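Structure, as structure tokens:
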Amino acid sequence: MSARRLATEHDEPTHAAIRDIMLAAVDRACPGWLRSEREDIVHDAMTRLTARLAAAPAADRPSRAYVAKVAYHALVDEIRRQARARSRVGLDELGDDAPGDRGVGPEAAVADARIVAAIRDCLSQTVQTRRAAVGLYLEGRGPSEVAAVLELSRKQADNLVHRGLADLRRCLDRKGVRP
């Protein structure tokens, strides 16, 4: 048995030891905007691990690496879930004060609102086909989805997104808006 195992042959890994490993793994990889949900992610990972261990023979105890991997995958799944939820909210559905709702300071909220307004203005000046492609792209849709929604070939969708983003960058540069 490897020295990196959580438990010896006679000891069961404790719930607290597994949870500590998971929390450390989530802390290492968790983006700042998701820090408030660390406990939920660890809980989800613990639930996954418990289900997997219940189906495994008692002799198969999880290694530290395996426990960390389960936690990491729970984190990635949460990031994907939130990205899908955000992609369902288009730019048109955002209120002018929506970016300020993330708990940032008033200066950052004003700056975010100005950026959203500048993006909307620049998109309104863009050619319709490019505007649609860039809008879908900014919602988090991939090139294949953009092509499917707009009923274009993948190459056409890539070109529209690329050129539309270039138009958007130029317009934002003229307005003095920088990332």
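If you're matching positions, the sequence shown starts at 440 in the working numbering and goes up one per residue.
All residues carry an ideal CB built from backbone N, CA and C; glycine is no exception.
None of the values given here were measured: they were computed from a predicted structure.
Roughly how far, in whole angstroms, is the beta-carbon of residue 572 from the beta-carbon of residue 555, given that I think they are within contact range, below 8 Å? One-based indexing of the sequence shown puts residue 572 at position 133. One-based indexing of the sequence shown puts residue 555 at position 116. Contact doesn't hold; Cβ gap of about 19 Å is too wide.
For residue 519 and residue 612, I'd like the C-alpha separation in whole angstroms. If you number the sequence shown from 1, residue 519 lands on position 80. If you number the sequence shown from 1, residue 612 lands on position 173. Roughly 31 Å between the two C-alpha positions.
Let me know the secondary structure DSSP gives residue 592 once reduced to three states. Taking the sequence shown and counting its residues from 1, the one referred to as residue 592 is at position 153. It is coil, neither helix nor strand.
Measure the C-alpha to C-alpha separation of residue 566 and residue 576 and round it to an integer number of angstroms. Within the sequence shown, numbered from 1, the residue matching residue 566 stands at position 127. Within the sequence shown, numbered from 1, the residue matching residue 576 stands at position 137. Computed Cα separation, rounded: 15 Å.
At the level of alpha carbons, what is the spacing between residue 614 and residue 603? In the sequence shown, the residue the question calls residue 614 occupies position 175. In the sequence shown, the residue the question calls residue 603 occupies position 164. Distance between the alpha carbons of residue 614 and residue 603: 17 Å.
Excluding the 5 residues flanking residue 464 on each side, which residues of the same chain have their C-beta closer than 7 Å to its C-beta? Working through the sequence shown from its first residue, we reach residue 464 at position 25. 507, 510, 511.
Is the distance from the Cβ of residue 593 to the Cβ of residue 583 below 8 Å? Sequence index remark: in the sequence shown, residue 593 carries index 154 (1-based). Sequence index remark: in the sequence shown, residue 583 carries index 144 (1-based). Their beta carbons are under 8 Å apart, which means residue 593 touches residue 583 by this criterion.
Run of the alpha helix (DSSP H) containing residue 465, from where it starts to where it stops: Counted from its first residue, the sequence shown places residue 465 at position 26. 454 to 468 is the extent of the alpha helix (DSSP H) around residue 465.
Going by the beta-carbon positions, is the gap between residue 574 and residue 562 smaller than 8 Å? Here residue 574 corresponds to residue number 135 of the sequence shown, with the count starting at 1. Here residue 562 corresponds to residue number 123 of the sequence shown, with the count starting at 1. Taking 8 Å as the Cβ cut-off, residue 574 and residue 562 qualify as a contacting pair.
When you compare only the Cα positions, how much space is there between residue 505 and residue 597? If you number the sequence shown from 1, residue 505 lands on position 66. If you number the sequence shown from 1, residue 597 lands on position 158. Looking at the two C-alpha atoms, the distance is approximately 39 Å.
Contact under 8 Å by Cβ, residue 513 with residue 468: Numbered from 1 along the sequence shown, position 74 holds the residue referred to as residue 513. Numbered from 1 along the sequence shown, position 29 holds the residue referred to as residue 468. Taking 8 Å as the Cβ cut-off, residue 513 and residue 468 do not qualify as a contacting pair.
Leaving out five residues before and five after residue 617 in sequence, what residues of the same chain have Cβ atoms less than 8 Å from its Cβ? Mapped onto the sequence shown, residue 617 falls at position 178. Counting only Cβ-Cβ distances below 8 Å, and skipping sequence neighbours, we find 611.
Taking only the alpha-carbon atoms, compute the straight-line gap between residue 553 and residue 560 and give it to the nearest angstrom. Position 114 of the sequence shown, counted from the first residue, corresponds to residue 553. Position 121 of the sequence shown, counted from the first residue, corresponds to residue 560. Approximately 10 Å, taken between the alpha carbons.
Under 8 Å Cβ to Cβ from residue 521, same chain only, skipping five residues before and after it: list those, please. On the sequence shown, position 82 is the one that residue 521 refers to. Excluding positions up to five away in sequence, the list reads 473.
Can you give me the Cβ contacts of residue 488 inside the same chain, cut-off strictly under 6 Å, excluding the 5 residues immediately before and after it? The residue given as residue 488 occupies position 49 in the sequence shown. Hits under 6 Å: 509.
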